[in-house]
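S.K.: Numbering (the working numbering), first residue to last: 99 to 417. Ideal placement from N, C-alpha and C gives every residue a C-beta, glycine not left out.
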Amino acid sequence: MSTVSLIRADSYNRQQLRSSLETLLEPLGGMGAFVKPGNRVLLKPNLLTGGRPGKECITRPELVYTVAQLVQEAGGKPFLGDSPAFGSAWGVAKANGYLPLMEELNLPIVEFHGQRYETASTTFNHLRLCKEAMDADVVINLPKVKSHSQLTITLGVKNLFGCVPGKMKAWWHMEAGKDEQRFGEMLVETARAINPDLTILDGIIGHEGNGPSAGEPRSLNILGASSDVFALDRAILDILNVDPSLVPTVTASQRLGLCPQLREMDFPHLQPMELQVMDWRLPDALVPLDFGMPRVIKSTFRHLYIRLIQEPIKAYAER
99 MSTVSLIRAD SYNRQQLRSS LETLLEPLGG MGAFVKPGNR VLLKPNLLTG GRPGKECITR
159 PELVYTVAQL VQEAGGKPFL GDSPAFGSAW GVAKANGYLP LMEELNLPIV EFHGQRYETA
219 STTFNHLRLC KEAMDADVVI NLPKVKSHSQ LTITLGVKNL FGCVPGKMKA WWHMEAGKDE
279 QRFGEMLVET ARAINPDLTI LDGIIGHEGN GPSAGEPRSL NILGASSDVF ALDRAILDIL
339 NVDPSLVPTV TASQRLGLCP QLREMDFPHL QPMELQVMDW RLPDALVPLD FGMPRVIKST
399 FRHLYIRLIQ EPIKAYAER
């Protein structure tokens, strides 16, 4: 059975958060069950954007800090990485207050570089994925609970789309976005290829409504963790009272036989029904997954402008 650890947690205070994470991970064997001395450990948060600090669009830096601390104490060598939609991982992390905490732990922030990898999928038998995730000894996935205007909800599986480098994500929207099932399957196969060793979900404060960035913060007071990212995503949908058929990543994982039923999961702390939220707000309307060529070109130029011009100018001005 897939073990999904769910607890109540209501604070990003580092001392309290550490206690919460230790409780959360205890049924899974603690951090030492995943990280051995000398392991290179990728911490993969949701670093969507630097444009809305304080709106809970990203994984909280306090969570990343505390997880990195636990990794270091287990003897691992953590590093932080992501491929934001716009800008660099370093720039988005800086805009969201990450740098002081990362510097305190001497935690490197790396930019992702793509390489083509063969996969187990017959439909997507090769995927371009970031070398940094594929070469890491351990991958710890750190998603945020958010509504999503294209995919209804974004959780652990969708967060691993950030391991697709640069603007390849926009090209996938153009190539696979015409078919919701195909796009969902691509996301699931990406998650299966990355194969995170551990997923820890930041649900203390989520982002509801017109996410992934245009919604609003919402206190949920939950943390979730599992070595099975598909099981964890499915359990969170039950907490939020979201129909799985509305979430392409979940329907694809079920169709491919990767997502267990709730009755096949072990919940050592709290059951999803004990954490249920009855009024979580989904997007007002879903927008198409498909990106036309003009949007891909515009998105690419925006990404390059932020990364090559805006971020360097701002960094120079702050010297």
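For a test of the three-state rule: what should DSSP assign to Cys261, helix, strand or coil?
M.R.: The three-state secondary structure of Cys261, taken from DSSP, is helix.
S.K.: Threshold first: 4 residues or longer. Then list the alpha helix (DSSP H) segments lying entirely within the segment 330 to 388, N to C.
M.R.: Qualifying alpha helix (DSSP H) stretches, in chain order: 346 to 353.
S.K.: Would the segment 134 to 145 count as touching the segment 99 to 109 if we require 3 or more Cβ pairs under 8 Å?
M.R.: no
S.K.: Hey, could you find the ends of the alpha helix (DSSP H) Asp233 is sitting in?
M.R.: 229 to 233
S.K.: Tell me the DSSP secondary structure of Arg453 in three-state form.
M.R.: The first residue shown for the chain is 99 and the last is 417, placing residue 453 beyond what the model contains.
S.K.: The beta strand (DSSP E) with Gly152 in it runs from where to where?
M.R.: Annotation for Gly152: no beta strand (DSSP E) segment contains it, and DSSP assigns it neither H nor E.
S.K.: Quick check: what's the CA-CA separation for Gly322 versus Ser109?
M.R.: 14 Å
S.K.: Helix, strand or coil: which one does DSSP assign to Gln183?
M.R.: A quick correction: the sequence has Ala, not Gln, at residue 183. In the structure shown, Ala183 sits in coil (DSSP, three-state: anything other than H, G, I, E or B).
S.K.: Alpha carbons only, please: which of Met99, Ser100, Ala183, Leu119 is nearest the one belonging to Ser311?
M.R.: Answer by Cα proximity: Ala183.
S.K.: Helix or strand or just coil, what does DSSP make of Leu225?
M.R.: strand
S.K.: Going by CA-CA distance only, name the one from Val340, Asn137, Pro358 that's closest to Val237.
M.R.: Asn137
S.K.: Checking 9 Å against the spacing of the C-beta atoms, do Thr217 and Gln279 come in under that value?
M.R.: no
S.K.: Would you check if the segment 296 to 304 and the segment 224 to 242 touch, i.e. whether three or more CB-CB distances between them fall below 8 Å?
M.R.: yes
S.K.: Can you tell which of Asp295, Val165, Ile251 has its C-alpha closest to the C-alpha of Asp326?
M.R.: Asp295
S.K.: Hey, could you find the ends of the beta strand (DSSP E) Arg316 is sitting in?
M.R.: 314 to 324
S.K.: Which of the three DSSP states is assigned to Met391 in this structure?
M.R.: Caution is warranted here: a pLDDT of 49 is assigned to Met391, below 50, making its placement in the model unreliable, and no coordinate value can be reported.
S.K.: In the DSSP assignment, find the unbroken beta strand (DSSP E) run with Pro143 in it and report its ends.
M.R.: 138 to 143
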